[in-house]
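Numbering (our numbering), first residue to last: 1178 to 1518. Just so you know, even glycine gets a beta-carbon here, dropped at the ideal spot from N, CA and C. What you are looking at is a predicted structure, and each value in this text was computed from that prediction instead of being measured.
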């Protein structure tokens, strides 16, 4: 069995409860040599099934009259459930438009900007701000389009408790399954914000906005609505995003922040996509810096026990050295959270 086959089969299993359409397409694609050949265009370090599905949805949105569109709830309100005609339509679309798909697979990335993760960051950053006792300089690693950098521009609804920016046109809902997360009525103060990404997306660019939408699975209408609202907010005042490497270019970025200003470095689900040695080097660098200046690190970790959740750890310097607190476990897209401390 090829690596690509395994990737498609794994995604079929993962998507079963969340996207029946993608689960069906991935099961069939794993057995189709022509589709696997197109998917092989993806650079080895990237997620081929996710990119192929996103590229197809991106192009299908531009060609909604193709029969494949009948299966996409993101395109039609009367979408069919996957049936015997679904994969043949997908296969036909991919083969007919292979010359359009392949460039997307070579150049684009799975930079899903899961805006609902801001509902996880809201209490986490509030906890850091309380400890820092002052406005934070927020630095996000791998921010995509930087929508989560704007977490303080959204309103939040946690099981009926509404907090955040009361004037925001965007309301993000999340359920608290456990614990008592800090949910201040107004967002914590942010002194500055910047994101560092090897391939930042521009919220003012139509193609980048459409790519972000294409990364949202077809059945996830609520996620798409929140994304559209956040994109509108960001277009009015785009976040500062710097193109660069999270290790090579981070030191210079941090040097620009006054040494007495508390820094909060954030990454949600980016480190699992980089080589282990880079992740280890980043950890060593940030831990060394914590001893020299006020710096807090909110770092996302995958659940290695096989569960559906991911976690956000808070690392900072104390009198006893580096201390790590498991702050919150959460559904990967922010639908729910469990506060741990």
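- Going by C-alpha positions, residue 1405 is about 44 Å away from residue 1496.
- Using a C-beta cut-off of 8 Å, the region 1407–1419 makes no contact with the region 1354–1363, since fewer than three inter-stretch Cβ pairs fall below that distance.
- Sequence-distant partners of residue 1389 (beyond 5 residues in either direction) whose C-beta falls short of 8 Å from its own C-beta, in its chain, are 1288, 1289, 1290, 1321, 1322, 1378, 1404 and 1408.
- Residue 1234: member of the alpha helix (DSSP H) spanning 1225–1237, first to last residue.
- A Cβ-Cβ distance of about 13 Å is found for the pair residue 1459 and residue 1477, leaving them out of contact under the 8 Å criterion.
- Residue range 1498–1507 is occupied by the beta strand (DSSP E) that includes residue 1507.
- Residue state for residue 1494 is assigned as strand, using DSSP reduced to three classes.
- For residue 1293 and residue 1182, the gap between their C-alpha atoms comes out near 31 Å.
- With a threshold of 16 other beta carbon atoms within 10 Å, residue 1221 falls short and is exposed.
- Assignment of beta-bridge partners to residue 1479 by DSSP yields 1487.
- In summary, residue 1351 is buried, with 16 or more beta-carbon neighbours lying within 10 Å of its beta-carbon over all protein chains present.
- Looking at 1310, 1296, 1312 and 1500, the one whose alpha-carbon comes closest to that of residue 1334 is 1296.
- According to the DSSP assignment, residue 1352 belongs to the beta strand (DSSP E) that extends over 1348–1355.
- The beta carbons of residue 1380 and residue 1411 sit about 4 Å from each other, so the pair counts as a contact at 8 Å.
- Annotation: residue 1380 is outside any beta strand (DSSP E) and is labelled neither H nor E by DSSP.
- For residue 1252, no pairing in a beta bridge is given by DSSP.
- Its chain contains 1470 as the residues whose beta carbon lies nearer than 7 Å to that of residue 1436, once the 5 sequence neighbours on both sides are disregarded; these appear in chain order.
- In this structure, the alpha-carbon of residue 1439 lies about 19 Å from that of residue 1423.
- In this structure, DSSP gives residue 1342 a state outside helix and strand, which the three-state scheme calls coil.
- A distance below 8 Å separates the beta carbons of residue 1274 and residue 1236.
- Fully contained in the region 1371–1420 are the following alpha helix (DSSP H) runs of length 4 or more, in chain order: 1383–1391 and 1398–1413.
- The C-alpha of residue 1511 is placed about 12 Å away from the C-alpha of residue 1354.
- CA-to-CA, the gap between residue 1396 and residue 1240 works out to about 19 Å.
- With contacts defined as CB atoms closer than 8 Å, residue 1278 and residue 1219 fail to qualify as a contacting pair.
- Listed as beta-bridge partners of residue 1443 by DSSP are 1317 and 1475.
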